[in-house]
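Count along the sequence shown starting at 1, add 24, and that's the number in our numbering.
Single-structure report; data block below.
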Amino acid sequence: MSIRGQQNQNPGTANDPTVATYIDGVYIPRPSQGQTDLDDLQRLEVLRGPQGTLFGRNTTGGAVNIITNDPKDYFEVIAKGEVGDYAHRGASLIVNAPLADGLALRVSGNYRERDGFVTNRTLGNTVDDPESYFVRGKLRYEGNGWDVTLSGDYNKIKDNGQKVGLVAFNPDVIQGVATAFGQPASGPPTIAALNQYVQTNATWYQTNGTGYILPTTSPAGTAVYNSLPADVRALYLQKPHNEVVAYGFGGVVNIDLGGDMAIKSITGYRYSDSTGLIDTDGTPIVLLATRSGYGSEQFSQELQLTGQAGDAFNYIVGGYYGHETGYDSSVSQTFGYTPVPRFITENAADVKNITTGLFAQGTYKLTQQLRLTAGLRWTWDTREVVLHNKSRLGDPSTCNLPNKDPGTVCDQTQKAKFDYPAWTVGVDYQASDNAFLYLQTRNASKSGGWNVRAGSIPAFNPERVRDVEAGAKLDWFDRRLRTNIALFYSWTRGLQKQIGGLVPGTTQPTQFLINAGNSHIYGAEFEVTALPWEGMELSGNLSLLDGGYEKGSFTEIQSVGGTNVVVDRSNEPLPQLAKVQFMVGATQRLPISVGELRLHLDYAYIGPMSITPVTAAPGVSAGVRATYDTQNALTRIKGYGLLNGRVAVQLDNPNIEMFAFARNILDKKYTSRVFADLYTQGLGFVQRTVGDPFTFGGGFTFRFGGR
Numbered sequence: 025m026s027i028r029g030q031q032n033q034n035p036g037t038a039n040d041p042t043v044a045t046y047i048d049g050v051y052i053p054r055p056s057q058g059q060t061d062l063d064d065l066q067r068l069e070v071l072r073g074p075q076g077t078l079f080g081r082n083t084t085g086g087a088v089n090i091i092t093n094d095p096k097d098y099f100e101v102i103a104k105g106e107v108g109d110y111a112h113r114g115a116s117l118i119v120n121a122p123l124a125d126g127l128a129l130r131v132s133g134n135y136r137e138r139d140g141f142v143t144n145r146t147l148g149n150t151v152d153d154p155e156s157y158f159v160r161g162k163l164r165y166e167g168n169g170w171d172v173t174l175s176g177d178y179n180k181i182k183d184n185g186q187k188v189g190l191v192a193f194n195p196d197v198i199q200g201v202a203t204a205f206g207q208p209a210s211g212p213p214t215i216a217a218l219n220q221y222v223q224t225n226a227t228w229y230q231t232n233g234t235g236y237i238l239p240t241t242s243p244a245g246t247a248v249y250n251s252l253p254a255d256v257r258a259l260y261l262q263k264p265h266n267e268v269v270a271y272g273f274g275g276v277v278n279i280d281l282g283g284d285m286a287i288k289s290i291t292g293y294r295y296s297d298s299t300g301l302i303d304t305d306g307t308p309i310v311l312l313a314t315r316s317g318y319g320s321e322q323f324s325q326e327l328q329l330t331g332q333a334g335d336a337f338n339y340i341v342g343g344y345y346g347h348e349t350g351y352d353s354s355v356s357q358t359f360g361y362t363p364v365p366r367f368i369t370e371n372a373a374d375v376k377n378i379t380t381g382l383f384a385q386g387t388y389k390l391t392q393q394l395r396l397t398a399g400l401r402w403t404w405d406t407r408e409v410v411l412h413n414k415s416r417l418g419d420p421s422t423c424n425l426p427n428k429d430p431g432t433v434c435d436q437t438q439k440a441k442f443d444y445p446a447w448t449v450g451v452d453y454q455a456s457d458n459a460f461l462y463l464q465t466r467n468a469s470k471s472g473g474w475n476v477r478a479g480s481i482p483a484f485n486p487e488r489v490r491d492v493e494a495g496a497k498l499d500w501f502d503r504r505l506r507t508n509i510a511l512f513y514s515w516t517r518g519l520q521k522q523i524g525g526l527v528p529g530t531t532q533p534t535q536f537l538i539n540a541g542n543s544h545i546y547g548a549e550f551e552v553t554a555l556p557w558e559g560m561e562l563s564g565n566l567s568l569l570d571g572g573y574e575k576g577s578f579t580e581i582q583s584v585g586g587t588n589v590v591v592d593r594s595n596e597p598l599p600q601l602a603k604v605q606f607m608v609g610a611t612q613r614l615p616i617s618v619g620e621l622r623l624h625l626d627y628a629y630i631g632p633m634s635i636t637p638v639t640a641a642p643g644v645s646a647g648v649r650a651t652y653d654t655q656n657a658l659t660r661i662k663g664y665g666l667l668n669g670r671v672a673v674q675l676d677n678p679n680i681e682m683f684a685f686a687r688n689i690l691d692k693k694y695t696s697r698v699f700a701d702l703y704t705q706g707l708g709f710v711q712r713t714v715g716d717p718f719t720f721g722g723g724f725t726f727r728f729g730g731r
């Protein structure tokens, strides 16, 4: 997730997300743990900008709070079923039951499945065909002056791989690799073969990835392969797939201490294991195939003390502790098409992340309309990794760590500690019942950490973001029109950016995080909700962003003709920064004889953005510069808009809603992600992940009981 241009380019276990996700107050440390199905929600809150002085963890981009429905003191059943094209089918059930005076239970679960949107022509199946199982339970007891809520959830999602396609390839890189491995200089057949797999409009929803290739192209390769452990040999036979298992438990206790004071305890446990094999180039030729794995197990504890002193001052004081252990694994095969046997390499690490934070925030009423808010947090982080990198998976003798721990076969321990502040200062003014104005400035940091892939041992330092924001929330025409306006400017120091390259002296690709200088982002956000006539609700939002690096702050060393040259990359666009985003939606409710007719349309647009821009060194040849220009063009995603609609009839008796929906009604072909990191060197290709096509379906929702 990205908020106001702040985003995380690496989902690994050894670094923190830029935007924090919480489910019922429990911090979710890994992106895969936040993929749980969002059923039975009370509300979803989005907090923009640096966070850390009010609750939870410190984050530089913002926070998303997912708050599910609590158990109620009445009996209720909600059942839903739906079907659609691509053999889509889903069912969900929610049961709420009072068990005793003050004690209630709520259980929800769902199952979803569909065929894939993309056909794998080589393997003869479809990909991106998720099958998902989800269940959540909440038990709540309300006593006299206190309450406790216990919750747990489990989610499993699996599919046959990703919607990847080959956009382009660099023939010079392909030719160079083939020549280096003994193929004729006149040109390898690989180039002609790759041309037939380049994605076009006609093949937009097709892929051809097959996974790894057996390294048995020679007697020597066969002998080495046969000497590997059985589980490693079996890995070579796996096909593209993804699987996520995530579950967790939470406990929230609220105690009224009297005298306008209360204490809250939030205890959480989260587990996730996310694995996936992606044939990254989307062809059977195997330029790069990688099986990635991210596992995490976290215990967290948060305490909050809230209170009020007199009529003018209220406050919150709290502390947070999180202890996470897990693993980060990437096993990849490059240039599997060459006659020289290519074995799977391993980049793996055991990870330990410990964080402790103390925070406080208070608000003081200067007058009945004017308030001052200030908050402070201090965070202490410990980041530790134990690397196990090998140039041939399953063979400890190929350990490629520069500084192994004494007495170990292939372990290298790296440990770092960081501490840093976060703060907020703001003033707000309730000018009238219909006008709320505010001005605030905030500061927060994201922890540093360790890169775990081969050739990228150094640590990266914390990233710090400071901003200033002014806004107005206004109601008009007897609250039939609401407008929100926010203007902000943010400064980032030590921007954490992922770059790609080759492990020095090898043909093995690697990616790692660096502190890529300083940047600034500024923008304006507009939101509007209108009720122009009976039954009609109009909504819309617009985000305008811009920004860049501070001149001279982002540099790298490139080799030109055997000489190291400092390259200033500060003129590059910031990665994944869409300058324009907007959404408009309309819902009309019309009374009919049996109940109500509901009509809805919405259109959402996101503007162009660059994913991994590059800069050529001064003095390079025109051909090299042209190659860099090509990568920059290919790594830029075009803007796109999606139109969705829904029609529903709500019956009064029985309480049933029947609905039909359509998504991407205009059948827009769009790219949601590109991978172009190594076009100019190393792998020499660009890959895209395509978006979903036009889909439609329908179903019903039945409600029994409730209030």
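Every residue, glycine too, gets a C-beta built ideally from N, C-alpha and C.
Could you compute how far the alpha carbon of residue i sits from the alpha carbon of residue j?
i: residue 400; j: residue 571; result: 27 Å
i: residue 489; j: residue 638; result: 24 Å
i: residue 432; j: residue 421; result: 12 Å
i: residue 301; j: residue 107; result: 29 Å
i: residue 482; j: residue 434; result: 18 Å
i: residue 709; j: residue 264; result: 19 Å
i: residue 30; j: residue 621; result: 40 Å
i: residue 82; j: residue 92; result: 23 Å
i: residue 474; j: residue 306; result: 30 Å
i: residue 687; j: residue 607; result: 15 Å
i: residue 113; j: residue 722; result: 10 Å
Is the beta carbon of residue i less than 7 Å from the beta carbon of residue j?
i: residue 519; j: residue 559; result: no
i: residue 369; j: residue 353; result: no
i: residue 643; j: residue 626; result: no
i: residue 40; j: residue 514; result: no
i: residue 412; j: residue 372; result: yes
i: residue 522; j: residue 194; result: no
i: residue 599; j: residue 635; result: yes
i: residue 510; j: residue 461; result: no
i: residue 375; j: residue 38; result: yes
i: residue 605; j: residue 591; result: no
i: residue 628; j: residue 666; result: yes
i: residue 288; j: residue 328; result: yes
i: residue 171; j: residue 266; result: no
i: residue 272; j: residue 291; result: no
i: residue 312; j: residue 299; result: no
Between the options, which has its C-alpha nearest residue i's C-alpha?
i: residue 258; options: 193, 137, 238 and 697; result: 238
i: residue 133; options: 107, 179 and 127; result: 179
i: residue 234; options: 260, 603 and 140; result: 260
i: residue 241; options: 292, 362, 194 and 286; result: 362
i: residue 164; options: 176, 128 and 143; result: 128
i: residue 492; options: 72, 38, 617 and 715; result: 72
i: residue 42; options: 304, 28, 50 and 49; result: 28
i: residue 505; options: 486, 469 and 564; result: 564
i: residue 24; options: 48, 188 and 416; result: As shown, the chain starts at 25 and ends at 731. That puts residue 24 outside it, with no answer to give.
i: residue 711; options: 701, 670 and 155; result: 701
i: residue 671; options: 159, 623 and 175; result: 623
i: residue 332; options: 549, 429, 378 and 285; result: 285
i: residue 551; options: 568, 617, 537 and 75; result: 568
Taking the alpha helix (DSSP H) that residue i belongs to, which residues open and close that run?
i: residue 204; result: 195-204
i: residue 421; result: That residue, residue 421, is in no alpha helix (DSSP H); it is neither H nor E in DSSP.
i: residue 540; result: Careful: residue 540 lies outside any alpha helix (DSSP H) and carries neither H nor E.
i: residue 255; result: 254-259
i: residue 658; result: 646-658
In terms of residues, what are the limits of the beta strand (DSSP E) holding residue i?
i: residue 215; result: Note, residue 215: premise wrong, no beta strand (DSSP E); alpha helix (DSSP H) at 213-219.
i: residue 313; result: 312-333
i: residue 615; result: 604-616
i: residue 223; result: Per DSSP, residue 223 belongs to no beta strand (DSSP E) and is neither H nor E.
Please confirm whether any heavy atom of the ligand GTP lies closer than 6 Å to the CB of residue i.
i: residue 402; result: Here there are no bound small molecules, and the ligand GTP is not part of this structure.
Which ranges does the beta strand (DSSP E) cover as unbroken runs of at least 3 residues, wholly within the stretch 345-393, from first to last along the chain?
369-389
What ranges does the beta strand (DSSP E) occupy inside the stretch 50-138, keeping only unbroken runs of at least 3 residues that lie completely in it?
50-52, 65-72, 86-92, 100-108, 112-124 and 127-137
Going residue by residue through the stretch 442-492, where are the continuous alpha helix (DSSP H) segments of at least 4 residues, counting only ones entirely within it?
none
Whole alpha helix (DSSP H) runs in the stretch 228-304 with 4 or more residues, listed along the chain?
243-251 and 254-259
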